[in-house]
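Asks: Residue numbers (the working numbering): 1 to 117. Glycine included, C-beta positions come from ideal geometry on N, C-alpha and C.
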């Protein structure tokens, strides 16, 4: 017959698992909307990396997020960097309707997209 300690440990494991999974549900990223034309994405990308204040160093040549070398992929990285950096200060994932929120991590290979709770 299981002891009270056994049931207590089992309950703690279950509660820990539930809270761990709950945290994962609130992770979100800001990425380029695939329906947005490249010229609009490029304008938003230029703003994000310029006046917007995103750190776009990782989408430069020979950096981990340079490939794939597409406007959509570079915009996604820049939009997300801006959003994670400024979302608690009023920043949004709008970019003139060029971006969307996703709960699927867009990181790939050595290119890691940050997610700030």
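1. Give me the Cα-Cα distance between residue 106 and residue 74, rounded to the nearest whole angstrom.
2. Should residue 34 be flagged as near chain B, meaning a C-beta pair shorter than 8 Å?
3. Would you kindly work out how many angstroms separate the C-alpha atoms of residue 84 and residue 115, rounded to a whole number?
4. Tell me, which residues are paired with residue 44 by DSSP?
5. List the whole-angstrom C-beta distance separating residue 78 from residue 36, where the pair is believed to meet the contact cut-off of C-beta under 8 Å.
6. Here's the rule I'm using: 16 or more other beta-carbon atoms within 10 Å means buried, otherwise exposed. How should residue 52 be labelled?
7. Closest to residue 69 by C-alpha separation, out of 54, 94, 111, would be which residue?
8. Which residue or residues does DSSP assign as beta-bridge partners of residue 30?
9. Locate the alpha helix (DSSP H) running through residue 73, then write down its first and last residues.
Replies: To lay it out plainly:
1. Roughly 12 Å separates the two Cα atoms.
2. Reference to chain B is not applicable here, since this structure consists of a single protein chain.
3. Near 6 Å, if we compare the C-alpha coordinates of residue 115 and residue 84.
4. BP columns for residue 44 are empty, so no partner.
5. Cβ atoms of residue 78 and residue 36 stay farther apart than 8 Å, at about 13 Å.
6. Result: buried.
7. Nearest Cα to residue 69 within the set 54, 94, 111: 111.
8. DSSP lists 101 as partners of residue 30.
9. For residue 73, the enclosing alpha helix (DSSP H) covers residues 71 to 86.
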